[in-house]
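Reading the sequence shown from the start, the letters are residues 1 to 204 in my numbering.
We put the beta carbon where it would ideally sit given N, CA and C, even for glycine.
These numbers were taken from a predicted model, which means no experiment stands behind them.
Below is one structure, written out as structure tokens; comments come after it.
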Amino acid sequence: MSDDCCQSKGSELTKLKKHQTKVLWAVLVINLVMFVVEFGAGIRAESLSLTGDSLDMLGDALVYASSLYVVNKGRKAQAGSAFFKGVIMFLFAIAVFARALYQLFAEVTPAATIMSTVGVAALLANLVCLSLLSRHRKDNLNMSSVWLCSRNDIIANTSVLVAAGLVFLMQSALPDLAVGFFLTFVFAKSAGKVLTQSWQEISA
Numbered sequence: 001m002s003d004d005c006c007q008s009k010g011s012e013l014t015k016l017k018k019h020q021t022k023v024l025w026a027v028l029v030i031n032l033v034m035f036v037v038e039f040g041a042g043i044r045a046e047s048l049s050l051t052g053d054s055l056d057m058l059g060d061a062l063v064y065a066s067s068l069y070v071v072n073k074g075r076k077a078q079a080g081s082a083f084f085k086g087v088i089m090f091l092f093a094i095a096v097f098a099r100a101l102y103q104l105f106a107e108v109t110p111a112a113t114i115m116s117t118v119g120v121a122a123l124l125a126n127l128v129c130l131s132l133l134s135r136h137r138k139d140n141l142n143m144s145s146v147w148l149c150s151r152n153d154i155i156a157n158t159s160v161l162v163a164a165g166l167v168f169l170m171q172s173a174l175p176d177l178a179v180g181f182f183l184t185f186v187f188a189k190s191a192g193k194v195l196t197q198s199w200q201e202i203s204a
């Protein structure tokens, strides 16, 4: 009876990890594609919020790759992966902040049409990712941290669309800059949460 129970649990765990792997591969590919699209569009539109969001896509792709590496490993390895994700989030917060300072003094008004079009595509892509990851958000620290990354993407995408609308109405770069600084705050806050949780797991 006990052996049957253990075998059943082992089989369920194996199936869970296989499903996690498939989900992580799917969101990894989606994020890599959208990084290329958004980064190119952000440079063309001279949009801080769009390039910042594209960097977040690249960061998430690296995060998902890291998660794939540890999906079959122990809690310490998963905590180390989560810590790595937190560091990436923090570095992108610094990058977006630096870009915001540059555009503040450059006084460039971004192209609202490109921002809104690509912003909608990015939002739809990230809604798919969030949907795929939501059922696994409570599996372990590894999947919880990647879900948090995906949730941040939805916030970032929505912010880009709001910025695009305000840029169009005001014909000013200020809304784009405001979103850039907001994204800096979101990235930094999430990084702090992930770093704290993962460090506690590593130190336990």
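Which residue comes first and which comes last in the alpha helix (DSSP H) that contains residue i?
i: Ile117; result: What sits at residue 117 in the sequence shown is Thr, not Ile. That run of the alpha helix (DSSP H) goes 112-134.
i: Ser203; result: 174-203
Is it buried or exposed, residue i, if we count other Cβ atoms within 10 angstroms and call 16 or more buried?
i: Gln171; result: exposed
i: Glu38; result: buried
i: Phe92; result: buried
i: Leu124; result: exposed
i: Lys193; result: exposed
i: Arg135; result: exposed
i: Val33; result: exposed
i: Leu174; result: exposed
i: Val29; result: exposed
i: Lys85; result: buried
i: Phe185; result: exposed
i: Ser54; result: buried
i: Ala98; result: exposed
i: Ala45; result: buried
i: Ala106; result: exposed
i: Ser131; result: exposed
When you compare only the Cα positions, how much space is there between residue i and residue j?
i: Ser190; j: Val118; result: 24 Å
i: Leu24; j: Thr196; result: 23 Å
i: Val162; j: Val36; result: 22 Å
i: Ile155; j: Val120; result: 12 Å
i: Ala79; j: Ser198; result: 5 Å
i: Val96; j: Asp153; result: 14 Å
i: Lys22; j: Gly42; result: 30 Å
i: Gly165; j: Ser145; result: 31 Å
i: Leu133; j: Trp147; result: 6 Å
i: Ala90; j: Thr158; result: The amino acid occupying residue 90 in the given sequence is Phe; Ala does not appear at that position. Approximately 20 Å, taken between the alpha carbons.
i: Leu58; j: Val27; result: 12 Å
i: Leu104; j: Asn126; result: 28 Å
i: Ala122; j: Val160; result: 10 Å
i: Ala61; j: Val128; result: 15 Å
i: Lys76; j: Ile94; result: 27 Å
Sort the options by Cα distance to residue i and report the nearest one.
i: Ile114; options: Phe105, Leu130, Asp176; result: Asp176
i: Ile202; options: Ser81, Ala121, Ala95; result: Ser81
i: Ser116; options: Leu169, Ser131, Thr21, Arg99; result: Leu169
i: Ser67; options: Gln20, Val160, Ala163, Leu127; result: Gln20
i: Tyr64; options: Phe185, Ile88, Lys76, Arg44; result: Ile88
i: Asn31; options: Ala79, Ser47, Lys76, Ser150; result: Ser150
i: Ala188; options: Glu46, Asp56, Ala41, Ser47; result: Asp56
i: Tyr102; options: Leu58, Ala164, Lys18, Gly52; result: Gly52
i: Ala100; options: Val179, Gly59, Ser131; result: Val179
i: Leu183; options: Gly40, Gln200, Leu50; result: Leu50
i: Thr109; options: Ala26, Leu48, Gln200; result: Leu48
i: Gln211; options: Ala112, Phe83, Leu104, Val167; result: Absent from the model: residue 211. The displayed extent of the chain is 1 to 204, so no value can be given.
i: Gly40; options: Ala111, Asp60, Leu62; result: Ala111
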